[in-house]
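Right, one structure below, let's go through it.
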Amino acid sequence: MSKGSASALCLAAAALLALGVQPATAAKKKPAKPGKVKTATATATTTANGQVVAATATCPKGTTAVGGGFFLAAVAGGGILSDLNLISESTRASARSWRVTAVRFDNGAAGPSLPVTADAYCRSKPGKISVTRASESVTGTGFLDPVAACPVGRSAVSGGFLASAGSASDLLLIGGGPVGSVGWQQTGLSQGSASLESQIHCIKRKKAPVARTAAITTAPSFGIIASAVTPACPAKLIPFGGGYAGPPFAVAGGGAAGLPLESRRSGSSWRVSTVNLTAAALQLTVTGVCS
92 MSKGSASALC LAAAALLALG VQPATAAKKK PAKPGKVKTA TATATTTANG
142 QVVAATATCP KGTTAVGGGF FLAAVAGGGI LSDLNLISES TRASARSWRV
192 TAVRFDNGAA GPSLPVTADA YCRSKPGKIS VTRASESVTG TGFLDPVAAC
242 PVGRSAVSGG FLASAGSASD LLLIGGGPVG SVGWQQTGLS QGSASLESQI
292 HCIKRKKAPV ARTAAITTAP SFGIIASAVT PACPAKLIPF GGGYAGPPFA
342 VAGGGAAGLP LESRRSGSSW RVSTVNLTAA ALQLTVTGVC S
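For my numbering, count along the sequence shown from 1 and bump the result up by 91.
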C-alpha cells in the first residue's frame, strides 16, 4: 500500500470517529429508562337526553399516552335507574391523548348534570407502542365480541374500544378487557344494527405483563351500582389498562348484566364500577394489566 493510500485510510477512520461512528465491537446502547407515570384528565358534562359528548385527556409534552380509562356518572340504586351516560368509546386517540365518548339516557324527566371523565396515563420513553384493531358488526339481536391480538414478540400494555349503533340502546357493552397477555376483547349485546371495535396497545418487553384480578357478587337488585378493585400491582409496576367481565348473558332467557360506569387506574390497582340492568345478582370480575 502506498503512503498516500495509508494516509487516506487514516483520515477516513478519524473522520468516522469524529462523527460518532463506533467500531462494530462497541457495546450496544442501553434502552432509555421510562419516566414516572403522570395522569392527565378531562371532563365533559351531559344535561339532556340523547346528548353526545367527548372528553379527551392530553398528556404533557415529552410524554406518551400508554393507556387510559373512564368514569361516567349515573343516578341509580334502590331499584331505580333514571339517568346515566352510556359509553361508546374509550380509545387512544393519538400518541399523547385518550378519548372517551358517551351518550346521555334519561328514563323520564331530565335529571342532574352528569360528568364524563377521560384519564390518560402518561410516561416519557415508554418504548414503541403498536396498535392492533379487530371489529365485528351485526344486524338484529346478537353478540359482538371482537378480539384484537398483539403481533408476535409483543404483549399487551392496555386496550380500548369503539362502538357504533343506530341509537344508544341498540348496543349494550357488557364486558371487555385483556385476554391472556397478548389479546384484548370487547363484548356487546346488540338489539339493532351495530358495530364494535376492540383495540390493543402492545410493547416489546423481556417479561410478560402481570395480571391482578378481583371478583364480587352484588345483591339481586335492579339499578344497584357495584364496584371492584384489584389487588395492587407488584412493586415498581402499575396498571396502564384493565377491564371487566360478568357471567354469560343469554339473549333468550336473560341473566344478570351490568353496564360499565368506570374502568380506570386507582393508585397501583384497577377499579371498575357497573350498574345492574336486571334484578338478578351480578357477578363482576375485574382485571388490571401491570407493567
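From the three backbone atoms N, C-alpha and C, an ideal C-beta is built for every residue, glycine too. Only a predicted model underlies this, so the values are computations on that prediction, with no experimental measurement involved.
If you draw a straight line from the alpha carbon of Leu253 to that of Ser228, how long is it in whole angstroms? The residue labelled residue 253 in the question sits at position 162 within the sequence shown. The residue labelled residue 228 in the question sits at position 137 within the sequence shown. Their Cα atoms are separated by approximately 12 Å.
Three-state secondary structure (DSSP) of Asp236: Within the sequence shown, numbered from 1, the residue matching residue 236 stands at position 145. Asp236: coil per DSSP, three-state reduction.
Three-pair Cβ contact test at 8 Å for the segment 145 to 158 versus the segment 209 to 216: yes
Measure the beta-carbon distance from Ala145 to Ala131 and round it to whole angstroms, keeping in mind my assumption that it falls under 8 Å. If you number the sequence shown from 1, residue 145 lands on position 54. If you number the sequence shown from 1, residue 131 lands on position 40. That pair is no contact at about 15 Å.
Looking at Arg195 and Asn176, is the spacing between their C-beta atoms short of 8 Å? Counting from one through the sequence shown, the residue named residue 176 turns up at place 85. Counting from one through the sequence shown, the residue named residue 195 turns up at place 104. Result yes, Cβ atoms of Asn176 and Arg195 sit closer than 8 Å.
Tell me whether Pro203 is buried or exposed, calling it buried when 16 or more other Cβ atoms sit within 10 Å of its Cβ. Residue mapping note: residue 203 aligns to position 112 of the sequence shown, counting from 1. Exposed: under 16 other Cβ atoms inside 10 Å.
Which value, in whole angstroms, describes the spacing of the CA atoms of Asn367 and Cys241? Position 276 of the sequence shown, counted from the first residue, corresponds to residue 367. Position 150 of the sequence shown, counted from the first residue, corresponds to residue 241. Distance between the alpha carbons of Asn367 and Cys241: 32 Å.
Measuring alpha carbon to alpha carbon, tell me which residue in Cys324, Tyr335 and Phe331 is nearest Ser318. For the purposes of this step, residue 318 is taken as the residue at position 227 of the sequence shown. Considering only alpha carbons, the answer is Tyr335.
Let's test the definition: count the other Cβ atoms within 10 Å of the Cβ of Val243 and tell me whether it reaches 16, buried, or not, exposed. Position 152 of the sequence shown, counted from the start, is the residue given in the question as residue 243. Exposed: under 16 other Cβ atoms inside 10 Å.
Determine the direct distance from the alpha carbon of Thr136 to that of Pro330, and round the result to whole angstroms. Within the sequence shown, the letter at position 239 stands for residue 330. Within the sequence shown, the letter at position 45 stands for residue 136. About 27 Å.
Can you tell me the Cα-Cα spacing of Gly274 and Ser173, whole angstroms? The residue you call residue 274 lines up with position 183 of the sequence shown. The residue you call residue 173 lines up with position 82 of the sequence shown. Taking the straight line joining both Cα atoms gives about 35 Å.
Spatially closest choice to Ala168 from Pro125, Thr309 and Ala302, by CA coordinates: Counting from one through the sequence shown, the residue named residue 168 turns up at place 77. Per the sequence shown, residue 168 should be read as Gly rather than Ala. The shortest Cα separation from Gly168 among Pro125, Thr309 and Ala302 belongs to Thr309.
Mind checking who Arg190 pairs with in its DSSP beta bridge? Taking the sequence shown and counting its residues from 1, one reaches residue 190 at position 99. The partner list for Arg190 (beta bridge, DSSP) reads Thr147 and Thr182.
Looking only at its chain, what residues have a beta carbon closer than 8 Å to the beta carbon of Cys293, apart from the 5 residues adjacent to it on each side? Within the sequence shown, numbered from 1, the residue matching residue 293 stands at position 202. Cβ neighbours of Cys293 beyond the five flanking positions: Ile220, Ser221, Val222, Thr223, Cys241, Pro242, Arg245, Ser246, Ala247, Val248 and Val273.
Buried versus exposed, by CB contacts within 10 Å (16 or more), Thr232: As a first step, residue 232 must be located in the sequence shown, where it is residue number 141. Burial call: exposed.
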